[in-house]
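Participant: Dropping the structure in here first, questions after.
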Amino acid sequence: MTGEHRIPLGGTGWSVWRDALLRSAGFPADGLTALSAPAAAASADALLRGEDNTFDTDFAAALADGAARVLAVAADPLMREAVTWQNTTALYALDGLVAAGADAPRNVRRRDRERAVVKYWQRYCGKNETVGFFGPSCWVTVDDELAVAADVAAGPGLTRRRWVVLEAWVVQAYADAISTDLAVRRWWPPLLAPHLMLDGRQLHRPGRPPLTLTPAEAALLAACDGKQPAVAVVADPAAGLRREDDGYTILTNLVERELVTWDAGLPNTSAAEAVLRRRIAAIGDDERRAAAGAGFDRLTAARDAVAAAAGDPTALRTALSTLDSVFTELTGAPPRRRGGQTYAGRTLCYEDTARDLDVTVGRPLLDAIAGPLDLLLRAARWLSGELAAAYTAALRDLYTELRADAGDCPVLLSDLWFLAQGLFWGTTGERPVDVVAGEFARRWAGLFDLAAADGPVETTTEALAAKVAAVFPARVPAWSSARLHSPDLQVCAAGPEALARGEFLVVLGEMHTAWASFDCDVFTPAHPDVERLRAALAEDLGPRRVRPLFPADWPRRTSRVAESLAGPSDVRLAFAQAPGAVGEHVLATTALEVSDVDGELVAADRTGARWPLVEVFSQLIAIHAVDAFKLSSPTPHTPRITVDRMVVSRETWRTTAGATGLAAAKGERDRYLAVRRWRQELGLPDAVFVKLGTETKPYYADLTSPHYTGLLCTMVRSAIADGGPDVPVVVSELLPGPDLAWVPDAAGNRYVSELRLHVVDSSTVDTRVSDDHS
């Protein structure tokens with residue numbers, strides 16, 4: 001039977017996967033309050049009101065107490081291990097603090113070191129980032145027959161399983177190093193660059209005229225399928241070469257012209273290591289094969305030593321240093337890349353873990369979220385449909401221009417793809433997503449009388465249902481993954497027992513609109529049956545989905561976040577040079593023609609298989625759908641909005657870095673008072689998350705703490721230096737707080753977390769997408 005991996009979400013017409021994901025922090029939630037200083041905050045507020053007080057005494061005490069706590073954090077072996085995994089350079093800050101001791105002067109060096117510790121600490125206690133043991137995740141079961149909201153059982157440890165993986169760029173670097181020897185490289189399979197198409201002696205390139213090749217070049221390119229090694233390609237009689245060396249010379253020239261890739265052909269995924277093992281095993285030269293294998297064995301053994309050192313920060317630091325040395329010795333390359341970039345896979349390896357926790361979500365929790373989620377999912381359906389319509393219209397305009405210029409020639413997808421990038425990533429003029437996102441925010445805000453609200457807004461599904469139906473009318477999903485939405489829900493409960501009793505509130509974290517967020521190598525290795533997930537996704541989204549084949553330097557993409565649930569018939573769309581391009585389902589944009597069929601723009605290959613153009617661009621559209629689903633108004637202040645038992649929008653404040661007045665404050669005392677003044681002006685709570693427009697991630701800030709207020713002022717000053725005084729600053733309330741973190745460990749600690757669901761639109765099926773082969 002189909003659909004067995006889902007259960008109905010009440011009577012909403014949506015269904016929920018039985019598999020769900022729980023992401024959590026790896027340090028207890030009460031660590032967020034470790035630096036709180038309520039007495040100093042109270043006396044500072046009194047001082048700002050002009051009242052006599054003991055502020056200087058209280059502030060000095062808070063500063064000393066906070067410094068002692070930061071010192072203790074810096075000396076904590078678990079903290080040291082977490083920082084070691086992420087950034088061994090940052091250990092110097094921890095080492096310096098510990099070595100200097102509690103009596104060290106409060107000079108610039110000490111304050112900088114303390115800020116470094118606090119930045120990591122707030123992240124490890126307050127973020128659900130799924131990285132290492134300081135961000136473990138686990139798969140949970142959704143069971144509509146369970147009579148309690150959740151059944152929770154913590155194992156004896158924090159993590160049940162830990163594993164360490166070499167970044168794909170590291171494996172590639174080793175492969176490149178050994179392939180400088182032609183005796184090795186001749187066994188690598190050359191591949192026609194995936195975004196190019198060979199037609200006889202004509203080579204079609206995106207955005208450029210076709211290139212006419214020599215007969216020998218064309219013959220060699222025709223044999224470059226990424227499967228047979230170069231030694232076989234140059235020996236092919238069809239190439240008509242008199243000498244084998246002539247073939248290698250031509251191949252080298254084709255590589256220099258970026259027409260061919262001639263390397264180990266590794267994917268930018270965690271599978272790179274296994275693929276290189278197979279490549280090395282296929283080297284026909286015994287001596288070179290043995291040497292290449294021995295070097296790779298050294299590299300992976302150094303990685304294994306890193307994994308074995310987990311739990312011992314000193315041994316881990318040594319093992320990582322050894323891995324760095326081995327890598328550089330083998331490759332001649334530095335052991336770091338993309339310095340300062342986030343989500344860049346900067347270091348050689350990473351650790352992921354599975355939390356030692358078993359959770360089953362039951363019917364009471366599903367019943368509590370069904371109504372509010374239905375409203376949100378209807379809005380997400382509308383948003384994805386509007387984005388599809390807006391981008392389809394914009395793409396049609398580009399197609400019309402290209403059609404007029406093409407004359408009797410077909411319009412190639414490669415030309416349209418090139419021109420369309422400005423619609424997604426352009427910085428001049430309004431993009432379609434900007435228009436749609438603005439309209440979405442306006443419609444959502446119109447559901448509530450926010451202007452008249454003088455406090456939190458509380459309403460019900462019943463009160464909103466008719467409004468939502470009118471404002472976000474139903475429409476058929478425009479592409480395959482638009483049938484699937486993935487909400488992050490933060491459940492607030494005083495502990496697992498309270499949750500089981502039904503004493504909980506749910507907070508919407510983020511709605512991954514039209515995005516199969518489980519399809520990620522961060523998550524799937526921890527699942528007991530990945531093939532079950534793959535089959536479920538294929539059943540929901542259908543065959544022959546189009547997946548862009550992203551270049552290795554695509555922003556915020558690493559082997560760790562690569563898709564991991566591709567279906568057997570999914571098509572990889574090559575629009576630029578990209579790794580992992582071998583396979584029968586790789587299609588070049590130069591090999592697809594765009595045409596109007598019965599009023600719909602489609603892209604077709606030479607076999608006659610075709611896809612609606614919106615399906616071809618669907619992943620780029622979905623990237624923007626995730627960002628466009630924003631439920632808070634762009635006004636200076638938005639109250640908390642609660643529907644039934646779900647907070648759909650936290651209380652939020654918006655300002656600019658310059659308007660905060662925090663950058664001008666000098667000295668710890670003045671900075672603390674500046675933050676307290678700013679807090680009073682905006683009416684902020686003491687515990688907040690702050691998102692600066694120059695930063696990728698929000699930061700937790702305790703506005704009673706001298707250490708957090710000092711860090712906040714420094715960050716605002718840096719934001720102004722990077723982007724000017726108009727850099728946006730968005731502040732949101734901390735919800736849930738540490739007192740409402742329910743994920744337990746065996747020692748009784750509790751951790752912040754979020755529950756990620758896959759919700760499928762089971763009431764509508766668009767039969768036009770992907771499997772149209774007319």
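When we follow UniProt numbering, the leftmost residue of the sequence shown carries the number 1, and every step to the right adds one.
Note that the Cβ used here is the ideal one computed from N, Cα and C, for glycine as well.
1. Is it buried or exposed for residue 24, if we count other Cβ within 10 angstroms and need 16 for buried?
2. Using a 10 Å radius around the Cβ and a threshold of 16 neighbouring Cβ atoms, would you call residue 108 buried or exposed?
3. Taking only the alpha-carbon atoms, compute the straight-line gap between residue 571 and residue 565 and give it to the nearest angstrom.
4. Using only the alpha-carbon positions, how far apart do residue 440 and residue 660 sit?
5. Assign residue 55 to one of three DSSP states: helix, strand, or coil.
6. Over what stretch of residues does the beta strand (DSSP E) that includes residue 158 continue unbroken?
7. Where do the N-terminal and C-terminal ends of the beta strand (DSSP E) with residue 689 fall, by residue?
8. Using the three-state DSSP reduction, which class does residue 344 fall into: helix, strand or coil?
9. Could you give the distance in angstroms between the alpha-carbon of residue 143 and the alpha-carbon of residue 360?
10. Is it the case that the Cβ atoms of residue 702 and residue 721 are separated by a distance below 9 Å?
11. On the three-pair Cβ rule with 8 Å, is the segment 541–549 touching the segment 575–587?
12. Could you tell me which of 492, 658, 648, 717 sits nearest to residue 739, measuring between CA atoms?
13. I need the DSSP call for residue 65, collapsed to helix, strand or coil.
14. Secondary structure at residue 210, three-state DSSP: helix, strand or coil?
15. Can you name the start and end residues of the beta strand (DSSP E) that residue 641 belongs to?
16. For residue 756, which residues in the same chain have their Cβ closer than 7 Å to its Cβ, ignoring the five residues on either side in sequence?
17. Consult DSSP for residue 776 and reduce its assignment to one of helix, strand or coil.
18. Short of 6 Å in beta carbon distance, which residues of its chain neighbour residue 47, apart from the five on each side in sequence? Order them along the chain.
19. Looking at the secondary structure, which residues open and close the beta strand (DSSP E) in which residue 417 lies?
20. In chain order, what residues of the same chain lie with their CB nearer than 6 Å to the CB of residue 689, ignoring the 5 residues before and after it?
21. Count Cβ pairs between the segment 347–365 and the segment 144–155 that sit closer than 8 Å; are there 3 or more?
22. Use the C-beta contact count for residue 232: other C-beta atoms within 10 angstroms, 16 or more gives buried, fewer gives exposed.
23. Are the segment 109–118 and the segment 702–714 touching by the rule of at least three beta carbon pairs closer than 8 Å?
24. Please classify residue 672: is it buried, with 16 or more other beta-carbons within 10 angstroms of its beta-carbon, or exposed?
25. Exposed or buried, what is residue 174 when buried is set at 16 or more other beta-carbons lying within 10 Å of its beta-carbon?
26. Assuming residue 851 contacts residue 746 (C-beta within less than 8 Å), just tell me the rounded distance between them.
27. Return helix, strand or coil for residue 321, following the three-state DSSP convention.
28. Kindly list the residues whose CB is nearer than 6 Å to the CB of residue 288, restricted to its own chain and excluding five residues on each side of it in sequence; keep chain order.
29. One question on the structure: do residue 61 and residue 93 come within less than 9 Å of each other, judged by their Cβ atoms?
30. Tell me whether residue 43 sits in a helix, a strand or coil according to DSSP, three-state version.
31. Assuming residue 229 contacts residue 194 under a Cβ cut-off of 8 Å, what Cβ separation, rounded to an integer in Å, is found between them?
32. So the candidates are 419, 202, 683; which of them puts its Cα closest to the Cα of residue 45?
33. Taking the beta strand (DSSP E) that residue 492 belongs to, which residues open and close that run?
34. Which of helix, strand or coil does DSSP assign to residue 80?
35. With DSSP as the reference, label residue 261 as helix, strand or coil.
Facilitator: Taking the coordinates as given:
1. That one is buried.
2. With fewer than 16 other beta carbons inside 10 angstroms of its own, residue 108 counts as exposed.
3. 13 Å
4. 29 Å
5. In the structure shown, the three-state DSSP call for residue 55 is helix.
6. 150–166
7. Where residue 689 is concerned, the enclosing beta strand (DSSP E) starts and stops at 687–692.
8. Note that residue 344 has pLDDT 49, beneath the 50 cutoff, so the model's placement of it is unreliable and no number is given.
9. 7 Å
10. no
11. yes
12. Closest option to residue 739, Cα to Cα, is 492.
13. helix
14. Residue state, collapsed to three classes: strand.
15. 641–643
16. 20, 21, 23, 486, 488, 517
17. Residue 776 is absent from the structure shown; the chain starts at 1 and stops at 774.
18. 53, 55
19. That residue, residue 417, is in no beta strand (DSSP E); its alpha helix (DSSP H) goes 413–425.
20. 698, 700, 732
21. yes
22. exposed
23. yes
24. buried
25. Label assigned to residue 174: buried.
26. A query on residue 851 cannot be resolved here, the shown segment of the chain reaching from 1 to 774 and no further.
27. helix
28. 183, 184
29. No Cβ-Cβ contact shorter than 9 Å links residue 61 with residue 93.
30. Helix, per DSSP.
31. About 18 Å; that fails the 8 Å criterion.
32. 683
33. Run containing residue 492: 484–492, per the beta strand (DSSP E) assignment.
34. Note: residue 80 maps to helix in three-state DSSP.
35. strand
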